[in-house]
Structures are given as structure tokens and as C-alpha cells.
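In full-length UniProt numbering, the protein residues as written are 1 to 292.
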């Protein structure tokens, strides 16, 4: 339930609201019933032979419409929250309304949603209606980072359309990523290795997608400092989130300067956990959508 104002601000809201309603009522009443009859009988100046000030009052139904609106406002403030800290006679709140609607939704669709959770991924992927629902969940929860088509954003978020998954692309691994999130951390080497060694390692890394240059001066330092995570051949390790270096797919860029920058300063990345934000039904649909 939303917190209602209290103390000084609650009183301030009550005063401002009631004074405003009273002022509007006085203004409307004076316009319709406070006119000076003698003043109305005075002859107004005429310009250009026929142009003169009119005395036609506003239609009376306008008055009743405005008066009725103010009466409705008072009744509303009596029964619903809005007048300071007063919760209203009905004790209604947005939070209670949402909770009630959610409860009704769960009662109506819980069985159908659980049936989807128990379905095979292939069966879900073959149902166009379920995949449309999965697409909408993706657009709402994932597209802001990974893009509406899942192609990611350079230097920020990985491409979900290719077959390269830093933490593994099996349905089980995707579900684990969605539920628990991921925290990637590539350490900075500038305080450990000299600039010359970093240049050599960066140059060697650029040869890994072609099998690696056995005679490259950076090979030995790569195997000594990098192979524990990324593998001797640069194949990576999904268990650690160590990216593959033997392909030509780079999140932060694969040119020599960018690789050198990565080695010098490191990289950090975070995939938020959705285990509490999304339920089993939504996660199952997302897994089916991403594992196509």
C-alpha cells in the first residue's frame, strides 16, 4: 500500500484542497448570481456603429455542471484517499487493487501457465501463440540491452543471434543465466605485466583465430598468464565465463588497440538476475525463444 502523507504535509494538503474548492465555488457563484443589475442596465459604448459589449450570461447548465463536479470531488475525497492522510471510508488503495487483480489472474490462468512450464521446448517453439508471447516478454525485458532483434550492442551487450555464448548456449545454461544473472570480470594486467609484454600478448591473441602463431613472442606469456581461463588454444571456458579467443567474434572489439586496452584495464560486465522478476512460465518461454 502506498504511504499517505502525514504530519505537516497532510494538513497542508487538506487546507489547500478545501480552500481551492471553496474559492472555485465562490468564483462560479459570483459569476452567475452576483451580477449587479444596475450595472447591466447601463448603456455600453458602441464602436463602428454596431460593435458593443454584450451582457449575455453563460448558460445556466454550465453552472450546474461545475457545481456538480465540485460535489463529486467532495464525495470522492470522502470515500477515497486524497485528502491528506485520510484513507477514505472505503479504505481503498492501489496496492490492494493490484494484489486483488493479480490473485484473480493467478486463479484464472495458473493451470494453463503451469502446463506450459511442463512442456518440451520443441513443443513450445512449435506453438506460434506461445512464441508470440515469448517475443513480447523478450521485447519488454531484454531488448533494451540486447536490441529488438537480439543483435546486442557493440562494447556493451552480447549478440544473441550467433552461436557464441560466453556462459554456454544450452537451454539449461540459458535458464541459469536468466535466473541467476552473470558477473563477468576480466582482470587488468597493467600492474602485473610490462607494456612490452602486453603488446606481445595482444599480438599473439590476434593470431588465435588462425590457430595461433607458434613463433610469436607473446605465445609463452599468453600460456603462462591467460591459458588458465581462456585455454591454450583460446577456446574459452563457459564455466568461468572466459570468452573464446579463437574465433573472430569480439564483444569489445578485436583490433590490436582494443585488445591491448582490454589487457591493460580489464573488462567488467553484468547480466542482471531475473529469477525474482519473472516467474517460471515467463522464464520457460524466454529460454524457448532464445534457444531457437
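Yeah, the Cβ is synthetic: ideal placement off N, Cα and C, and Gly gets one too. This one's a predicted model, so the numbers in the text were calculated from it and none came from an experiment.
- Does the segment 134-153 come within contact of the segment 220-234, defined as at least 3 CB pairs closer than 8 Å? With contact defined as three or more Cβ pairs closer than 8 Å, the segment 134-153 and the segment 220-234 are not in contact.
- Query: Considering only residues of the same chain and omitting the five flanking positions on each side of residue 38, which have a CB-CB separation below 8 Å?
  - Reply: Your numbering for residue 38 matches position 38 in the chain shown. With a pLDDT of 48 at residue 38, under the threshold of 50, the modelled position of this residue cannot be trusted, and the question is left open.
- Message: Here's the rule I'm using: 16 or more other beta-carbon atoms within 10 Å means buried, otherwise exposed. How should residue 290 be labelled?
- Response: The residue given as residue 290 occupies position 290 in the chain shown. Answer is buried; the Cβ neighbour count reaches 16.
- Please look up how many angstroms separate the CB atoms of residue 277 and residue 241, rounded, as I've assumed it's under 8 Å. By one-based count along the chain shown, residue 277 stands at place 277. By one-based count along the chain shown, residue 241 stands at place 241. A Cβ-Cβ distance of about 21 Å is found for the pair residue 277 and residue 241, leaving them out of contact under the 8 Å criterion.
- Nearest candidate by alpha-carbon position, reference residue 220, set 281, 233 and 250: By 1-based counting over the chain shown, the position of residue 220 is 220. Of the candidates 281, 233 and 250, the one whose C-alpha sits nearest the C-alpha of residue 220 is 233.
- Task: Put residue 46 into one of helix, strand or coil per three-state DSSP.
- Result: By 1-based counting over the chain shown, the position of residue 46 is 46. The answer is strand: DSSP assigns residue 46 an E or B state.
- Buried or exposed: residue 244, going by 16 or more other Cβ atoms within 10 Å of its Cβ? Your numbering for residue 244 matches position 244 in the chain shown. Residue 244 counts as buried, since at least 16 other C-beta atoms from the protein chains shown sit within 10 angstroms of its C-beta.
- For my contact list, residue 171 and residue 287 are in at a C-beta cut-off of 8 Å; report their separation, rounded to the angstrom. Indexing the chain shown from 1 puts residue 171 at position 171. Indexing the chain shown from 1 puts residue 287 at position 287. Correct: roughly 5 Å between the Cβ atoms.
- Count the other CB atoms within 10 Å of the CB of residue 130; is the residue buried (16 or more) or exposed (fewer)? Numbered from 1 along the chain shown, position 130 holds the residue referred to as residue 130. Answer is buried; the Cβ neighbour count reaches 16.
- Query: By Cβ distance, which residues of its chain are closer than 7 Å to residue 262, with the 5 residues on each side in sequence left out?
  - Reply: For the purposes of this step, residue 262 is taken as residue 262 along the chain shown, with counting starting at 1. The residues are 186 and 252.
- Message: Need the endpoints of the alpha helix (DSSP H) that residue 133 sits in, please.
- Response: The residue labelled residue 133 in the question sits at position 133 within the chain shown. Following the DSSP letters along the chain, one finds residue 133 inside the alpha helix (DSSP H) bounded by residues 128-141.
- Query: What's the C-alpha gap between residue 250 and residue 164?
  - Reply: Numbered from its first residue, the chain shown carries residue 250 at position 250. Numbered from its first residue, the chain shown carries residue 164 at position 164. Each residue's alpha carbon lies about 10 Å from the other.
- Item | Distance CB(residue 273)-CB(residue 179) smaller than 8 Å | Residue mapping note: residue 273 aligns to position 273 of the chain shown, counting from 1. Residue mapping note: residue 179 aligns to position 179 of the chain shown, counting from 1. Yes. Within cutoff.
- Grouping DSSP H, G and I as helix and E and B as strand, with all else coil, what is residue 52? To locate residue 52, count along the chain shown from 1; it is residue 52. Three-state result, residue 52: strand.
- Message: With a threshold of 6 Å on Cβ separation, who are the neighbours of residue 191 within its own chain once the five nearest residues in sequence on each side are excluded?
- Response: Residue numbering aside, residue 191 sits at position 191 when the chain shown is read from its first letter. Correct list: empty, nothing qualifies.
- Query: Are there 16 or more other CB atoms within 10 angstroms of the CB of residue 47, so buried, or fewer, so exposed?
  - Reply: Your numbering for residue 47 matches position 47 in the chain shown. If you draw a 10 Å sphere on the C-beta of residue 47, you find fewer than 16 other C-beta atoms in it, and that means exposed.
- For my contact list, residue 89 and residue 78 are in at a C-beta cut-off of 8 Å; report their separation, rounded to the angstrom. Start at 1 with the first residue of the chain shown, and residue 89 comes out as number 89. Start at 1 with the first residue of the chain shown, and residue 78 comes out as number 78. Sure, about 6 Å apart at Cβ, within 8 Å.
- Query: If we ignore side chains and look at the alpha-carbon of each, how far apart do residue 298 and residue 246 end up?
  - Reply: In the structure displayed, the chain extends from 1 to 292; residue 298 sits before or after that span and is not available.
- Message: Here's the rule: buried if 16 or more other CB atoms are within 10 angstroms of the residue's CB, otherwise exposed. What is residue 72?
- Response: Counted from its first residue, the chain shown places residue 72 at position 72. Counting Cβ neighbours within 10 Å, residue 72 comes out exposed, since fewer than 16 surround it.
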